[in-house]
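FYI, the numbering for the sequence shown is 109 to 316, going by the working numbering.
Backbone N, C-alpha and C define an ideal beta-carbon position, used for all residues, glycine too.
See structure below.
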Amino acid sequence: MTHHSFLKILASLLLSVGILLLVTSCAEDEPNKNPPTGVDYDETRLADYLAPVTYEGLIVRCQSPQETKSEAILRTLLAAATVKAYPEGSVEYYEGQLRAEYRYLAEREELTYEALLEIRGITEDDLHKEAKAMVKSDLVLLYIRKHADISLSEAEKTAFYDRYADRYVERFGYDRAYVDTHLREEIFDSMLFDKTMEYLLLHNEVTE
109 MTHHSFLKIL
119 ASLLLSVGIL
129 LLVTSCAEDE
139 PNKNPPTGVD
149 YDETRLADYL
159 APVTYEGLIV
169 RCQSPQETKS
179 EAILRTLLAA
189 ATVKAYPEGS
199 VEYYEGQLRA
209 EYRYLAEREE
219 LTYEALLEIR
229 GITEDDLHKE
239 AKAMVKSDLV
249 LLYIRKHADI
259 SLSEAEKTAF
269 YDRYADRYVE
279 RFGYDRAYVD
289 THLREEIFDS
299 MLFDKTMEYL
309 LLHNEVTE
């Protein structure tokens, strides 16, 4: 898989509405889907996991008319970042998530998991590499939020919650009561991702 395909997979795993995200793009930035991490990273050990990241004052160029400015910034940041060590269990978590996604797709297409991977030209080693890339993305975004002091206020959570929750219901068919009971943290993760991307779009220059 190419690095660009990783960004597409990353974007397909977490729903966000783009309410906080500035929609300025080479291609139009669509609502992002980027997963709540599911991994409890120890922020006090972030320096053990990741080398310092330059995340402001960059001049980034979209590689194609289809690449959004958000994708271009993420691609540039991830390409430049260096992971020193992967937090225990983090890569395994994402490998499990990817396998579960492909098993679901295989069942929907009435194929075995192995047959689907073969048809798509994907190997277990590819899944391992994608999982490591996802952890790298988590660490880079965590680094940016920590050093740029990006967080959600209770006012922001309250103001935007209904719109994010409604999008979960509309896009995935969840019952609103289920969303309110089980997916609140995922919704807040989506808001935080959007706010981080808004910050990056404001503090970097992206050209076509």
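| Check | Outcome |
| --- | --- |
| Mind reading off the beta-carbon distance from V168 to N312? Whole number of angstroms is fine, and I expect it under 8 Å. | 6 Å |
| With a cut-off of 8 Å on the beta carbons, I'd call V243 and S298 a contact; round off their distance for me. | That pair is no contact at about 19 Å. |
| Let me check understanding here. Comparing Cα to Cα, which of H255, I295, K237 lies closest to A273? | I295 |
| Considering only C-alpha positions, which residue in the set Y212, D270, A159, Q171 is nearest to A188? | A159 |
| Are at least three pairs of beta-carbons, each pair with one atom in the stretch 172-188 and one in the stretch 302-316, less than 8 Å apart? | yes |
| Counting along the chain, where does the alpha helix (DSSP H) carrying I181 start and finish? | 177-188 |
| To which residues does DSSP link T315 through a beta bridge? | R169 |
| Can you check DSSP and say which residues form a bridge with L158? | V191 |
| With distances taken Cα to Cα, identify the nearest neighbour of D150 among E278, V277, L247. | L247 |
| When DSSP labels each residue in this structure, what does I227 get in the three-state scheme? | helix |
| Can you list, in chain order, the residues of its chain whose CB lies under 7 Å from that of L206, leaving out five sequence neighbours each side? | L235, E238, A239 |
| Report the option in Y194, Q171, D148, K177 whose CA atom is closest to the CA atom of Y157. | Y194 |
| Under 8 Å Cβ to Cβ from D233, same chain only, skipping five residues before and after it: list those, please. | none |
| Within 10 angstroms of the Cβ of F268, are there 16 or more other Cβ atoms? Answer buried if so, exposed if not. | buried |
| Considering only residues of the same chain and omitting the five flanking positions on each side of L213, which have a CB-CB separation below 7 Å? | L224 |
| Over the uninterrupted alpha helix (DSSP H) stretch that includes Y201, give me the two end residues. | 198-216 |
| Cutting at 6 Å between CB atoms, please list the residues of its own chain near E209, excluding the five before and the five after it. | none |
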